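First comes the structure, then the notes that go with it.
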Amino acid sequence: MNPRSWTKKFQKNSISYLIQMAAFYHALSITIMYASSFGISHVISDYEAPSFPISVVMTVTSGPIEEILFFGLAYYVAGTPQAILFTGAIWSVAHIFSTHVFQINTLGYASFLFAIPHMFFSIRTWLSGKGWFAILFHSVWNTAFLLSYCYLGIKECSVVGTVNYLTVDFLAIGLAASLISIIWTLHNKSKISKTVYTKILIFSITAFLLFEVLINFIYIKMLL
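According to the working numbering, the sequence shown is numbered sequentially starting from 65.
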């Protein structure tokens, strides 16, 4: 619980302990989000919280995509808390721009603050050798949050997106699969031959880059 230990691995790595820590960090996230939303709405009188279509497929795939891209790769490539904190900070800041309209009164300030405790939870979980739990929890957490919003009528639920978002959903599945393949290969480096390791890694990275380019192309096209 001590903030000084927030870039260190957990004292225990049992599933029950990780669930307790997840509950602590994400209760903190929710508290910060609602408190900051209240404050922001008073500081920026015409503030509009970011809102854009998001499907169940996109919500589920965001777990492996975000965890591996911003935490897992840094853990396996660099292996230091500082490296994971750096890429995790990029992930947190990116939440500010989770909107289609880039104006002072439409940026995702609360989303950014909400992501900070989650960032430290992910850092500690990966350092504890439980990256799979971080991925699984991220997907479950995002899905639970989306479904609760849908139940309360804050958002409209859909399993997959429509028009361009449908294409993005399918590409996101491919992107998640390629990242899972990359992280699996890095994790099992000592268990497979060098030739197999190299081939899988090259194929997975190529697939990742292809899916990433296509997704960004569609998003840019929608913004123009």
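Cβ coordinates follow ideal geometry from the N, Cα and C atoms, glycine included.
Bear in mind that the values here come from a model prediction, so they are computed numbers and not experimental data.
**OP:** Figure out for me which residue from Trp-196, Thr-189, Ile-237 and Tyr-111 has the closest Cα to the Cα of Val-224.
**Re:** Counting from one through the sequence shown, the residue named residue 224 turns up at place 160. Checking every option, the nearest Cα to that of Val-224 belongs to Ile-237.
**OP:** Determine, using beta carbons only, whether Leu-177 and Ser-100 come nearer to each other than 7 angstroms.
**Re:** The residue labelled residue 177 in the question sits at position 113 within the sequence shown. The residue labelled residue 100 in the question sits at position 36 within the sequence shown. Result yes, Cβ atoms of Leu-177 and Ser-100 sit closer than 7 angstroms.
**OP:** Counting only runs of 3+ residues fully inside the stretch 182-244, write out the beta strand (DSSP E) ranges in chain order.
**Re:** Runs of the beta strand (DSSP E) inside the stretch 182-244: none found.
**OP:** With a cut-off of 8 angstroms on the beta carbons, I'd call Leu-239 and Phe-272 a contact; round off their distance for me.
**Re:** As a first step, residue 239 must be located in the sequence shown, where it is residue number 175. As a first step, residue 272 must be located in the sequence shown, where it is residue number 208. Right, the Cβ-Cβ distance comes to about 7 angstroms (below 8 angstroms), so this counts as a contact.
Subject >> Within 7 angstroms, strictly: CB atoms of Trp-190 and Ala-198 >> reply: Start at 1 with the first residue of the sequence shown, and residue 190 comes out as number 126. Start at 1 with the first residue of the sequence shown, and residue 198 comes out as number 134. Cβ distance < 7 angstroms, so Trp-190 and Ala-198 count as in contact.
Original post:
Under the three-state reduction of DSSP, which class applies to Thr-123: helix, strand or coil?
Top reply: Here residue 123 is taken as the residue at index 59 of the sequence shown, counted from 1. In the structure shown, Thr-123 adopts helical secondary structure according to DSSP, grouped into three states.
**OP:** Would you mind reading off the limits of the alpha helix (DSSP H) that contains Phe-272?
**Re:** The residue labelled residue 272 in the question sits at position 208 within the sequence shown. Counting along the chain, the alpha helix (DSSP H) containing Phe-272 begins and ends at 258-287.
**OP:** Whole angstroms is fine: what's the gap from Cys-214's alpha carbon to Gly-143's?
**Re:** Within the sequence shown, numbered from 1, the residue matching residue 214 stands at position 150. Within the sequence shown, numbered from 1, the residue matching residue 143 stands at position 79. Going by the C-alpha atoms only, they are around 39 angstroms apart.
Subject >> Whole-number beta carbon distance between Gly-195 and Tyr-139, since they are thought to touch under 8 angstroms >> reply: Taking the first residue of the sequence shown as position 1, residue 139 is located at position 75. Taking the first residue of the sequence shown as position 1, residue 195 is located at position 131. With 8 angstroms as the limit, Tyr-139 and Gly-195 qualify as a contact, their Cβ atoms being about 7 angstroms apart.
Original post:
Can you tell me the Cα-Cα spacing of Ile-279 and Lys-285, whole angstroms?
Top reply: As a working note, residue 279 is residue 215 in the sequence shown. As a working note, residue 285 is residue 221 in the sequence shown. If you draw a straight line from the Cα of Ile-279 to the Cα of Lys-285, it is about 10 angstroms long.
Subject >> Proximity to Ile-269 [Cα-Cα], best of Ile-246, Ala-87 and Asn-252 >> reply: Taking the sequence shown and counting its residues from 1, one reaches residue 269 at position 205. Out of Ile-246, Ala-87 and Asn-252, Ile-246 has the C-alpha closest to the C-alpha of Ile-269.
Original post:
What does a CB cutoff of less than 6 angstroms around Ser-222 pick up in its chain, not counting 5 residues either side in sequence?
Top reply: Your numbering for residue 222 matches position 158 in the sequence shown. These residues qualify, in order along the chain: Ser-119.
**OP:** Please report the Cβ distance between Phe-74 and Arg-188, rounded to the nearest whole angstrom; I am assuming they are in contact, meaning their Cβ atoms lie under 8 angstroms.
**Re:** If you number the sequence shown from 1, residue 74 lands on position 10. If you number the sequence shown from 1, residue 188 lands on position 124. Rounded, the Cβ-Cβ distance is 5 angstroms, consistent with contact.
Subject >> Closest Cα partner of Gly-127 within the set Ile-256, Lys-76 and Ala-208 >> reply: For this step, residue 127 is matched to residue 63 along the sequence shown. Taking only the C-alpha atoms, the option nearest Gly-127 is Ala-208.
**OP:** Measure the Cβ-Cβ separation of Met-122 and Ser-156 and say whether it is below 7 angstroms.
**Re:** The sequence position of residue 122 within the sequence shown is 58, counting from 1. The sequence position of residue 156 within the sequence shown is 92, counting from 1. Taking a C-beta distance under 7 angstroms as the contact criterion, Met-122 and Ser-156 do not qualify as a contact pair.
Subject >> Gly-172 and Ser-162 closer than 7 angstroms at C-beta >> reply: Numbered from 1 along the sequence shown, position 108 holds the residue referred to as residue 172. Numbered from 1 along the sequence shown, position 98 holds the residue referred to as residue 162. In this structure, Ser-162 lies closer than 7 angstroms to Gly-172 by Cβ.
Subject >> Own chain partners of Leu-133 with C-beta closer than 7 angstroms, once the 5 adjacent residues on each side are dropped >> reply: Along the sequence shown, one-based indexing puts residue 133 at 69. Once the five neighbours on either side are set aside, the close Cβ partners of Leu-133 are Leu-243.
Subject >> Supposed close pair Met-97, Ala-174 - CB separation, criterion 8 angstroms >> reply: Within the sequence shown, the letter at position 33 stands for residue 97. Within the sequence shown, the letter at position 110 stands for residue 174. At roughly 5 angstroms, the Cβ-Cβ gap stays under 8 angstroms, so Met-97 and Ala-174 are in contact.
Original post:
Would you say Ile-154 and Phe-135 are within 7 angstroms of each other, going by their C-beta atoms?
Top reply: Here residue 154 is taken as the residue at index 90 of the sequence shown, counted from 1. Here residue 135 is taken as the residue at index 71 of the sequence shown, counted from 1. Taking the C-beta atoms as reference points, Phe-135 is found no nearer than 7 angstroms to Ile-154.
Original post:
Can you name, in chain order, every residue of its own chain whose Cβ lies under 6 angstroms from the Cβ of Leu-265, other than the five neighbours on each side?
Top reply: Here residue 265 refers to the residue found at position 201 when the sequence shown is read from its first residue. Thr-249, listed in sequence order.
Subject >> Buried versus exposed call for Asp-110 [16 or more other C-beta atoms within 10 Å across all chains shown] >> reply: Residue numbering aside, residue 110 sits at position 46 when the sequence shown is read from its first letter. Asp-110 should be labelled exposed.
Original post:
So, is Ile-94 buried or exposed, given that buried needs 16 or more other C-beta atoms within 10 angstroms?
Top reply: Within the sequence shown, the letter at position 30 stands for residue 94. Here Ile-94 is exposed. Its C-beta has fewer than 16 other C-beta atoms within 10 Å.
Original post:
Which residues in the same chain have their Cβ closer than 8 angstroms to the Cβ of Pro-181, if we skip the five residues on either side of it in sequence?
Top reply: Within the sequence shown, residue 181 is the residue found at index 117, counting from 1. Once the five neighbours on either side are set aside, the close Cβ partners of Pro-181 are Tyr-89, His-90, Leu-92, Ser-93 and Ile-96.
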